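One structure below.
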Ligand code: GLU
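Residue numbers (my numbering): 5 to 489.
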């Protein structure tokens with residue numbers, strides 16, 4: 005078999021969405037599994053809705069996910085340019101061919117005429133579609149229309165009485181009756197090709213062997229196959245991957261959470277968690293395992309293991325996976341990721357010195373097990389950067405206990421002149437306290453927690469002491485005692 009070559013062909017009409025990212029990923033996995041090639045090209049024929057900003061967002065999101073491509077936009081290659089609006093000459097060349105071979109004709113029907121035709125069809129209970137009114141116009145008819153200032157669209161002559169069967173690698177055989185497909189437009193009156201035409205020219209000229217895309221394009225596929233056949237080109241293989249639904253089984257939308265990759269990136273999801281999660285939206289490894297690197301998925305991936313049924317977007321699962329990756333990454337990496345969030349929250353100044361860097365590292369050690377995504381670090385880290393107010397009623401009650409001054413005093417004594425503490429040192433120091441004071445653990449540790457954080461729940465004390473540092477611990481305990489009145 006010739007080398008596999010796939011393409012991801014986004015329309016730059018918005019940021020890269022979950023669905024688009026999954027299509028890109030499945031293309032990448034399918035090709036790379038067999039050492040095939042990937043192309044990224046831009047389908048920007050919708051001039052009003054396309055923008056360079058969206059294009060950049062899509063490309064940077066793809067790169068962030070760890071997906072690369074051998075040929076295409078921003079990397080170049082032998083089949084460029086890779087933006088459809090820069091390929092108009094090429095489409096024109098094939099338009100001429102289709103006109104000459106009689107597969108395509110000029111249609112001068114105005115919007116109003118088309119609407120009137122539809123109404124007649126509806127009133128008669130017929131299938132709605134282009135009637136073929138301009139199919140057999142003579143040269144004179146065309147000239148007359150043009151003299152009236154009408155600009156034609158080009159329509160493809162769909163053969164009647166034909167059934168097209170598409171062998172879909174995910175969905176199996178899918179058949180389409182050509183009688184149900186009206187003569188469709190391949191070039192608009194402004195000379196811009198439609199998606200169905202441009203995509204065929206691109207897929208052929210770029211040597212695409214497999215088209216892997218979202219199920220919503222399945223109804224376009226017979227139109228594209230007709231064009232491949234009319235142009236005498238080999239038809240690529242197809243795989244249409246299922247819709248993504250929200251947990252309530254309606255089509256995934258903003259209601260179900262963030263929809264763009266950028267939003268997840270901004271919230272502090274890790275790319276490897278995102279890729280892992282996206283792969284499981286339709287693909288199944290065939291085992292109970294759920295945690296895979298991109299490399300591992302690539303090794304196992306096949307379209308046979310991609311489900312026909314819709315995938316369900318489960319945010320809890322994404323959060324679980326992301327938390328898993330956060331806990332299993334190096335502290336240095338997570339600290340670095342935490343940094344901008346802490347800075348934005350005003351916990352860190354613009355210029356950061358080594359001491360603060362070390363503090364962020366210690367804070368990361370303390371809180372990372374609680375995080376599902378990095379933006380949450382702001383809430384969890386608050387106690388390390390902001391002195392507590394001690395206004396929580398439950399906390400006040402704890403601070404009022406009679407042993408509190410003795411407990412605080414004992415820790416202050418130990419810390420005074422003790423030098424920098426690490427986690428092990430802090431653990432050892434804390435462990436001894438109850439025995440030395442002749443008190444139960446709860447009577448010692450709960451007031452200390454409240455004294456240091458103003459709350460009854462929070463990070464481990466042996467994480468708090470090193471991150472706050474001796475002087476800050478002493479200061480907070482003093483302040484807490486003062487609130488006892
Ligand atoms: N431009 C299309 C989209 O963004 C992709 C079409 C295709 O893959 O054929 O949905």
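Note that CB positions come from ideal geometry on N, CA and C, so glycine has one too.
From a predicted model like this one, the values you see are computed outputs, not experimental measurements.
beta-carbon residue i near the ligand GLU non-hydrogen atom, thresh 8 Å
i: residue 224; result: yes
i: residue 55; result: no
i: residue 24; result: yes
i: residue 152; result: no
i: residue 221; result: yes
i: residue 13; result: yes
i: residue 218; result: yes
i: residue 199; result: yes
i: residue 310; result: no
i: residue 239; result: no
i: residue 6; result: no
i: residue 47; result: yes
i: residue 205; result: no
i: residue 27; result: yes
i: residue 215; result: yes
Sub-9 Å separation of residue i and residue j beta-carbons
i: residue 338; j: residue 372; result: yes
i: residue 387; j: residue 488; result: no
i: residue 322; j: residue 273; result: yes
i: residue 367; j: residue 403; result: no
i: residue 15; j: residue 78; result: no
i: residue 246; j: residue 286; result: yes
i: residue 264; j: residue 61; result: yes
i: residue 315; j: residue 174; result: no
i: residue 214; j: residue 43; result: no
i: residue 243; j: residue 216; result: yes
i: residue 458; j: residue 414; result: no
i: residue 405; j: residue 447; result: yes
i: residue 481; j: residue 416; result: yes
i: residue 307; j: residue 98; result: no
i: residue 37; j: residue 302; result: yes
i: residue 73; j: residue 12; result: yes
i: residue 178; j: residue 47; result: no
i: residue 434; j: residue 465; result: yes
i: residue 451; j: residue 477; result: no
i: residue 266; j: residue 27; result: no
i: residue 327; j: residue 376; result: yes
i: residue 138; j: residue 163; result: no
i: residue 240; j: residue 88; result: no
i: residue 180; j: residue 261; result: no
Whole-Å CB distance - residue i paired with residue j, under 8 Å assumed
i: residue 295; j: residue 325; result: 7 Å
i: residue 160; j: residue 230; result: 7 Å
i: residue 277; j: residue 29; result: Rounded, the Cβ-Cβ distance is 13 Å, inconsistent with contact.
i: residue 468; j: residue 370; result: 7 Å
i: residue 154; j: residue 112; result: 5 Å
i: residue 258; j: residue 249; result: About 14 Å; that fails the 8 Å criterion.
i: residue 430; j: residue 470; result: 6 Å
i: residue 472; j: residue 456; result: 7 Å
Bridge partner(s) assigned by DSSP for residue i
i: residue 168; result: 180
i: residue 44; result: 12 and 76
i: residue 241; result: 214
i: residue 21; result: 264
i: residue 199; result: Its beta-bridge partners do not exist; DSSP assigns none.
i: residue 109; result: 159
i: residue 249; result: 255 and 316
i: residue 189; result: 159
i: residue 87; result: 46
i: residue 287; result: 310
Buried or exposed (CB count within 10 angstroms, at least 16 for buried), residue i
i: residue 187; result: buried
i: residue 76; result: buried
i: residue 207; result: buried
i: residue 226; result: buried
i: residue 428; result: exposed
i: residue 82; result: exposed
i: residue 96; result: exposed
i: residue 2; result: Coverage of the chain is limited to positions 5 through 489, which leaves residue 2 absent and any answer about it impossible.
i: residue 4; result: In this structure the chain extends from 5 to 489, so residue 4 is not present and cannot be described.
i: residue 383; result: exposed
i: residue 24; result: buried
i: residue 228; result: buried
i: residue 132; result: exposed
i: residue 169; result: exposed
i: residue 432; result: exposed
i: residue 309; result: exposed
i: residue 200; result: buried
i: residue 115; result: exposed
9 Å Cβ cutoff, residue i in contact with chain D
i: residue 456; result: Considering every chain present, this structure includes no chain D. It has just one protein chain.
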